[in-house]
Each structure stands twice: as C-alpha cells, then as structure tokens.
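Just so you know, the sequence shown maps onto residues 205 to 383 in the numbering used here. Worksheet for the structure shown next.
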Amino acid sequence: KHNSAAVDTLLAGYKGFLVADAHSVYEHLYEDGSIIEVACWAHARRYVFKSLETDGVRARQALSLIQTLFKLERGYATATPEEKLRRRTKDAKPIVEAFFAWCDEEAMKVHRPALIRAYADYFARQKIAAMAFPTVPLPAAPIGDDQETLLEGKKVPTFPTFIRNTDPGSNAGVPGLSV
C-alpha cells in the first residue's frame, strides 16, 4: 500500500535524509525535522518535461539546467562519498541555486501580471486606492541606530521586521501602506 500508515511502518524510528517523490503520504514525516526531505530531480524533470507542450521555452530552459546536473552526477559515479560532496558543492550547488533563482524569476513573470489584474479589479470594485499591510507595531528607529530593533524583547534586524507581510502587494506591484 502507498499510504501514510505503510510509510510509518516502513520508516519506523528512522531519522535522517529521505529521498522520496512529492506524494502527500510523506509530508507528515518532515514536520518535526527528524527526517529531512531530499527532493528527486528525476521526478522534477518528469513534470518539467510534461510542460514542453504548453510552455516549451521555459521547459527547455529548465530541462537544460537539470540535464547539466544529471551530467555532473554521472561524472561522480565512481567518486568516494567525500569526493562527491566536495564536487557537488563546488559544481552542482551553483547550478541548483541558479535553477531556483530562475524559477522565482519566471514565476513572477507568469504570475505578477495576473496578480496586478486581480488587485486592480478588486480596487475598482471596492473603490479603494491602496492596501494596508499589517506589519509590526513599532515606531521607526532613529537614524544611525537602525540595524536592529527590539521586538517582544528580542533584538531583530530592522528592515525585514518592518516590511514583513508586504510581499503580496509588492509582488503584485500595487500601492500599499504599512500600518
């Protein structure tokens, strides 16, 4: 059976890294951090390959980066585990980082226009001119003393603290007001 109970039986007591497909029967295993999900590039490639018919340009770009990883991995086949780690860190890690940066960039190209249209329609229907973002209940820090601020008794970086929760509006390119 391919269900959560079968997975629990098979992996009872296991802690560490787990390579599995993205099936929902595994999701609960990652919640407490004792099992770390390791994504499968073959599964990712399969879904990208399926998108060739509907978005060929992006699919070919993604497949090219993934193919580079597969080619590197074939070159590591006879290496020791230590050598594989060293070479993956040196050669593959920058490609993986480039892949996910490219995914983020392409997602914004695809989704941002739709978000902008949805917000513009909403603003027009509701007769509003901006969104209010609930950020953080803190006064601005004095200039020169603005690298960290206190939030609930803890020192935290100022900028990310003040802009939290603003991503939806800023990603959509709509006017916003932090309150």
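For glycine and all other residues, C-beta sits at the position ideal for the given N, C-alpha and C.
Could you compute how far the alpha carbon of residue i sits from the alpha carbon of residue j?
i	j	result
Met312	Ser208	34 Å
Arg321	Thr282	53 Å
Ala305	Ile240	22 Å
Gly284	Phe366	Residue identity differs from the one stated: residue 284 is Thr in this sequence, not Gly. C-alpha separation (whole angstroms): 47 Å.
Ser268	Ile332	45 Å
Give the secondary structure of residue i by DSSP, where H, G and I count as helix, E and B as strand, and everything else as coil.
i	result
Lys146	No statement about residue 146 is possible, as the shown extent of the chain runs from 205 to 383 and does not include it.
Leu215	coil
Thr362	helix
Leu222	strand
Glu277	helix
Thr272	helix
Ile288	At residue 288 the sequence reads Lys, which differs from the Ile that was named. DSSP places Lys288 in helix when its eight states are reduced to three.
Ala283	coil
Glu301	helix
Lys434	The chain is shown from 205 up to 383; residue 434 falls before or after that span and cannot be answered.
His232	helix
Asp259	coil
Ile177	Only positions 205 to 383 of the chain appear in the structure, and residue 177 is not among them; the question remains open.
First and last residue of the beta strand (DSSP E) that includes residue i?
i	result
Tyr355	It should be pointed out that residue 355 corresponds to Leu in this sequence rather than to Tyr. Element bounds for Leu355: 352-355.
Ile240	239-242
What first and last residue would you give for the alpha helix (DSSP H) that runs through residue i?
i	result
Val252	245-254
Report yes or no: is there a C-beta of chain D within less than 8 Å of the C-beta of residue i?
i	result
Thr213	No chain D appears in this structure, which consists of one protein chain only.
Flag this pair as touching only if the region 230-244 and the region 255-265 have three or more C-beta atom pairs under 8 Å; answer yes or no. No, the region 230-244 is not in contact with the region 255-265.
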